[in-house]
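The structure under discussion appears below in the form of structure tokens.
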Amino acid sequence: MLSSGFDHTLAISSDLEATAGTYRRLGFTLTPLGRHVGWGTANYCVMFPEDYLELLGIVDPSQPLNGFDQKLEGRGPGLLGLAFATHDAQRVFEGLGQGGLADRQAELSRLLEHPDGTRDVSFRLAYGTTDATPGLSCFWCQHLSRDLIREADWLEHPNGAYGIEGVTLLHPDPASLEVPYRRLLATLNMPDNEMLAGQGRLDVPVGDGCWLRFLSPDRAARRYRGLDPKWLDREGPLVTTILVSDLSETERYLSAQGIAIIPEQGLRLVVGPDDADGTVIEFAMS
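Just so we're aligned, residue 235 is where the sequence shown starts under the working numbering, counting upward by one.
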């Protein structure tokens, strides 16, 4: 397989330091600040052994912003997109090209403000066309300095989190996405036998036990009954499902922090976007 699960999710913030404080209160350990070379953006990251959450904000509006200012104005803060993991972005790009789904390649680096000195962290990226992943803003990410962003202390989270299980997106017609996502999986030599289509939903396996879940607004309202309906009017990514080691311990931690947990059915804890800067955080066990 050319792609193997999630590399990271991307959430955009109108106030990066405030968002960092919000995620610390939710029980996540954050990396030091990282500044993107050549851009006016910076990030904090929540690192897990195999993937991570990126919290991105604008720190210098005079520099190129890669359209993040427009996206922030249009959607508001919260989950914006994601990166899939790959060990070879060039091969992903070539594979996408064979299916007529390749867009461009890029190199990216950021300067991580580590206490022991600044670290230069670099990546190689591959982008597909909008037809490759309808309803989703994404790219494929190959780490060129992976060990520099994973220190043992950064992987320990008071809420017990250890990985990303899924991303849920709102779409008016999930059934219309089945054909293009089967084509994408075939292009990347990934199995599609576990893909699940139903009324108002499409579940897409993206490797390593990770899932994209597309829900219609009506279906999302039934799954997240305690969610304010205003959040169901925004097409695109809404929910990040985070794996935790002990759901009861996570609940105790969140309750001690005074964080409201939306009552939902099933073995999961849901924190609404008003308490997570525009993203629904769903804690679950594997």
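We put the CB at the ideal spot given by N, CA and C, even for glycine.
Q. Thinking just about the alpha-carbon of each residue, which of 299, 303 and 515 is nearest to the one in residue 496?
A. Here the question's residue 496 lines up with position 262 in the sequence shown. The shortest Cα separation from residue 496 among 299, 303 and 515 belongs to 515.
**Q.** Separation of residue 246 from residue 306, as counted between CA atoms
**A.** Translated into the one-based positions of the sequence shown, residue 306 becomes position 72. Translated into the one-based positions of the sequence shown, residue 246 becomes position 12. Looking at the two C-alpha atoms, the distance is approximately 7 Å.
**Q.** Length of the line joining the Cα atoms of residue 441 and residue 235
**A.** The residue labelled residue 441 in the question sits at position 207 within the sequence shown. The residue labelled residue 235 in the question sits at position 1 within the sequence shown. Straight-line Cα distance between these residues: approximately 9 Å.
Q: Give the straight-line distance between the Cα atoms of residue 384 and residue 390, rounded to the nearest whole angstrom.
A: For this step, residue 384 is matched to residue 150 along the sequence shown. For this step, residue 390 is matched to residue 156 along the sequence shown. Cα to Cα, residue 384 sits roughly 11 Å from residue 390.
Q: Could you check if residue 360 is buried or exposed, using at least 16 other CB atoms within 10 Å of its CB as the buried criterion?
A: The residue you call residue 360 lines up with position 126 of the sequence shown. Buried, by the Cβ-count rule.
(Q) Within the continuous alpha helix (DSSP H) that includes residue 438, where are the two ends? (A) By 1-based counting over the sequence shown, the position of residue 438 is 204. Unbroken run through residue 438 is the beta strand (DSSP E), 435-439; no alpha helix (DSSP H).
Q: Quick one: grab the DSSP three-state call for residue 247.
A: If you number the sequence shown from 1, residue 247 lands on position 13. Strand.
Q.
Closest to residue 425 by C-alpha separation, out of 445, 410 and 406, would be which residue?
A. Here the question's residue 425 lines up with position 191 in the sequence shown. Comparing Cα-Cα distances from residue 425 to each of 445, 410 and 406, the minimum goes to 445.
Q. Does the beta-carbon of residue 269 have 16 or more other beta-carbons within 10 angstroms, so that it is buried, or is it exposed?
A. Mapped onto the sequence shown, residue 269 falls at position 35. Residue 269 should be labelled buried.
Q: Can you tell me which of 298, 253 and 248 puts its alpha carbon nearest to the alpha carbon of residue 308?
A: On the sequence shown, position 74 is the one that residue 308 refers to. Answer by Cα proximity: 248.
Q: With residue 327 as the anchor, note down where its alpha helix (DSSP H) starts and where it stops.
A: For this step, residue 327 is matched to residue 93 along the sequence shown. Note, residue 327: alpha helix (DSSP H), 323-332.
Q: In the DSSP assignment, find the beta strand (DSSP E) that holds residue 358 and state where it starts and stops.
A: If you number the sequence shown from 1, residue 358 lands on position 124. Per DSSP, residue 358 is one residue of the beta strand (DSSP E) stretching across 351-362.
Q.
With DSSP as the reference, identify every bridge partner of residue 478, one or two as the case may be.
A. Residue 478 sits at position 244 when you count from the first residue of the sequence shown. According to DSSP, which records beta bridges pairwise, residue 478 is partnered with 395.
Q: State the Cα-Cα distance for the pair residue 290 and residue 276, rounded to the nearest angstrom.
A: Sequence index remark: in the sequence shown, residue 290 carries index 56 (1-based). Sequence index remark: in the sequence shown, residue 276 carries index 42 (1-based). Near 6 Å, if we compare the C-alpha coordinates of residue 276 and residue 290.
**Q.** Backbone secondary structure at residue 445 - three-state DSSP
**A.** The sequence position of residue 445 within the sequence shown is 211, counting from 1. Note: residue 445 maps to strand in three-state DSSP.
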